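In UniProt numbering, the protein residues as written are 1 to 565. Backbone N, C-alpha and C fix where the C-beta goes; we use that ideal spot for every residue, glycine too. Keep in mind that this is a model prediction, so the values were computed, not measured. Data block below; observations after.
In C-alpha cells:
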C-alpha cells in the first residue's frame, strides 16, 4: 500500500447530517486565555433575529449581495438591537467583520444563512450565522393562492405530519474495521422523497427523543472504556423514495502490546538503483530551473527574494489587511500592487523605511480604490537566486533522496499493514470520517466565499470530482491514523526515542535542501519544526521495522548515505 501525498487535506462527505449521537456527554474543554478570531467567533450567536425595520427576505438577500464598503455596519443593520450589541461587544481589540457572504436562503423556515469572516491582520476565522424570523413576500403570479407562499402555512403542514416516527434499528460489528455500526431505517409510509428539503428538524427530533435512547440501550452491553470516542459519526447510506437509512459508526480502541512487535517475519527495505539514463533525463528536464539561493548582505536586486514586515496606512490610519510579518516576496514577480516591489530594490537587510503606493482604481476594496497609501517596511533578509550548473553528482543525490523518500513511505505503509495482519488487528474508521466531515464544511465555506460550488472548488485543486477527493482524503487519513496509533504506543513504552536532536535536524535540512533544490536557509524559513519532527519520526519508525523484519542492513545503506550529505 502506497502512502498518498496531499499538499493539504480537507474533507468530503457529501451526504451528512449535522449531528452526532452520544454514548455519554463529553465535558467541553476550558477556553484558552487571550483573544483571537476563533475565540470571538465561538462567542457569537449562531442564530440571530432580524431587525424589525428590515424583515423582508428578498430585501435582505439583495442587501447582502450588494454590500457597500462598510461591511460591518451593513451586516449589523440586519440584526435587532440585542444581537447588534452582542456582535459589537465581541468585536474588540481591533477585530472586524471583513466579509459577509450569502450562503443560502431557506424560504420554508424564513432563514438566511451567511458566512461572516472575522479578522485582524492575518488572524481570521469564518462563522456561520443564521438570520431568522424573516418575511417572504407571497407569490401571486398566474393567480396563485398567496397562502401557498406563506412559510408558516407550509411549515405547519409538515410539522403536523407524523413523519419519521416508525423505524427499525440494527447493530453490527464491522468485519474490516474496528467499528460498531448502528443502522436506523425508515420505510416509505414514514418518509417520502418530496419531503427531503423539509425533514431535517423532524429527523433530528426523532433521533434525539426516540432513536438515541434505543441506540444507547444497544450499546450498553459494550464497555464504555473500549470506545475511541463517545460520539458517533453519522451519515446516510441510503436516501431513496422507498427507504431512508441513517448510519452511526462508533469506533472501538485497538489495544497493542509489546509482544505483538516480535516475530514480524521478513520485509526487505527497497533497494535504490539510479541509472545513467535516469540521471540524463533528470538533467535535461531541470537544467534551466536549478537555482541556488544564498543569503546576502548586498542591496536588493530584481529577482532577489526578501523577507519583510509591512504596515500600511491610509491617511495615517492602519487599514484592514495592510499588515503582515515575515512575508516572503520575490522582487519582480508582480504579485503585489504596482510600485511596491520596485521601491524595495536598493535597500539592505536591517533597514526600516517608508514607501508610497497607489492602489489600482479597480481594486476590490472600495475604501482603497485609487487611494495613495504609505507602507512602513522592515527588511529582515535578502536572498539571491542564481542559476547553477546541474551536475551529474547533484542530480544523482537528488534522485537518490527522492527515491529513498518514496521507498520510506511505501515501506512504512507495507510494514504497518503486515503488522496489523500478523496480529489480526483492525482500526476504527469513525474518527477518520469525523475529520473528513469537519473539514469539508471548511472547504464548502471557502468555496462559497469564492462564489464556487464544492465540485468546482475541488476540481480547481486538481481532483476529478468530490468523490475522488473524498476517497484520497480518507485513504491518507486512515494511513496517518494507523501510523499514529503505532508510533504513540512505541513512544509511550520508550521503545523508540522520537526526540529530534539538533544534529539530526541539520541532517534533515540538508536532505530537504537537495530534494527541493533549495538552500538550507530556504528550508529553515519554509519548513516548520513540526514538519521536521514528522519526517524524523518516519525515519525512526522505518528503522525500527527494518530491525524487526530482517532488513537492517538494507536500511543502513541509505541512512549512511544521508549522513554523508
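From the options, residue whose alpha carbon lies closest to that of residue i
| i | options | result |
| --- | --- | --- |
| residue 514 | 177, 396 and 243 | 396 |
| residue 89 | 49, 310 and 44 | 44 |
| residue 174 | 123, 218 and 250 | 250 |
| residue 80 | 307, 361, 547 and 132 | 132 |
| residue 507 | 452, 494, 91 and 524 | 524 |
| residue 254 | 418, 179 and 86 | 179 |
| residue 91 | 78, 102, 101 and 116 | 116 |
| residue 82 | 94, 75, 48 and 102 | 48 |
| residue 257 | 503, 272, 485 and 399 | 485 |
| residue 473 | 429, 273, 382 and 124 | 429 |
| residue 219 | 172, 510, 78 and 454 | 172 |
| residue 237 | 417, 246 and 314 | 246 |
| residue 36 | 260, 94, 366 and 487 | 94 |
| residue 412 | 505, 308, 555 and 456 | 555 |
| residue 228 | 431, 386, 73 and 119 | 431 |
| residue 120 | 553, 39 and 114 | 39 |
| residue 388 | 295, 287, 465 and 414 | 287 |
| residue 263 | 310, 466, 415 and 271 | 415 |
| residue 46 | 62, 74, 87 and 77 | 87 |
| residue 252 | 226, 261, 272 and 277 | 226 |
| residue 418 | 168, 221 and 261 | 261 |
| residue 377 | 230, 85 and 306 | 306 |
| residue 544 | 490, 129, 223 and 327 | 490 |
Sequence-distant residues of the same chain with beta carbon closer than 8 Å to residue i, five excluded per side
| i | result |
| --- | --- |
| residue 134 | 50, 55, 56, 57, 60, 110, 111 and 112 |
| residue 13 | Summary for residue 13: the model assigns pLDDT 27, below 50, so the residue's position carries little reliability; its value from the coordinates is reported in the next sentence. Correct list, in chain order: 235, 433, 436, 437, 440 and 470. |
| residue 302 | 331, 332 and 345 |
| residue 340 | 355, 357 and 375 |
| residue 297 | 348, 349 and 382 |
| residue 493 | 258 |
| residue 487 | 496, 498, 537 and 541 |
Close beta carbons around residue i, own chain, < 7 Å, minus the five adjacent residues each side
| i | result |
| --- | --- |
| residue 347 | 299, 300, 353 and 379 |
| residue 359 | 337, 368, 369, 370, 371 and 373 |
| residue 551 | 267, 268 and 269 |
| residue 213 | none |
| residue 427 | 177, 178, 254, 481, 482 and 485 |
| residue 72 | 96 and 97 |
Beta-ladder partner(s) of residue i, from DSSP
| i | result |
| --- | --- |
| residue 48 | 131 |
| residue 419 | Answer by DSSP bridge pairing: none, since residue 419 is not bridged. |
| residue 382 | 296 and 306 |
| residue 315 | According to DSSP, residue 315 bridges with nothing at all. |
| residue 328 | 307 |
| residue 186 | 244 |
| residue 120 | 123 |
Close Cβ partners of residue i (< 6 Å) along its chain, the five nearest in sequence each way excluded
| i | result |
| --- | --- |
| residue 248 | 21, 182, 232 and 234 |
| residue 170 | 183 |
| residue 196 | Only weak support is given to the placement of residue 196: the predicted model assigns it a pLDDT of 49, under 50, and the question is left unresolved by the model. |
| residue 33 | Per-residue confidence for residue 33 stands at a pLDDT of 47, beneath the threshold of 50, marking its modelled position as unreliable; the derived number appears in the next sentence. Cβ neighbours of residue 33 beyond the five flanking positions: none. |
| residue 558 | 404 |
| residue 125 | 37, 38, 41 and 118 |
| residue 143 | For residue 143, the predicted model reports a pLDDT of 37, less than 50, meaning its position is unreliable; a value from the coordinates is still stated below. Result list for residue 143: empty, nothing under 6 Å. |
Local Cβ density within 10 Å of residue i, reported as buried at 16 or more and exposed below that
| i | result |
| --- | --- |
| residue 530 | exposed |
| residue 275 | exposed |
| residue 392 | exposed |
| residue 41 | buried |
| residue 122 | exposed |
| residue 317 | exposed |
| residue 312 | buried |
| residue 528 | exposed |
| residue 285 | exposed |
| residue 176 | exposed |
| residue 400 | buried |
| residue 546 | buried |
| residue 259 | exposed |
| residue 304 | buried |
| residue 538 | buried |
| residue 444 | buried |
| residue 127 | buried |
| residue 549 | buried |
| residue 293 | buried |
Is there contact here, the segment 275 to 286 with the segment 454 to 469, by at least three beta-carbon pairs under 8 Å?
-> A contact between stretches requires three or more CB pairs, one per stretch, nearer than 8 Å, and the segment 275 to 286 fails this requirement with the segment 454 to 469.
Determine, using beta-carbon pairs with one atom in the segment 520 to 527 and one in the segment 467 to 478, whether at least three such pairs fall under 8 Å.
-> no
Assess, as a yes-or-no matter, whether the segment 318 to 331 is touched by the segment 398 to 408 under the definition of 3 or more beta carbon pairs within less than 8 Å.
-> no
Is it true that the segment 533 to 542 meets the segment 484 to 504, where meeting means three or more beta-carbon pairs spaced less than 8 Å apart?
-> yes
Does the segment 410 to 422 touch the segment 445 to 460, meaning 3 or more C-beta pairs lie closer than 8 Å?
-> no
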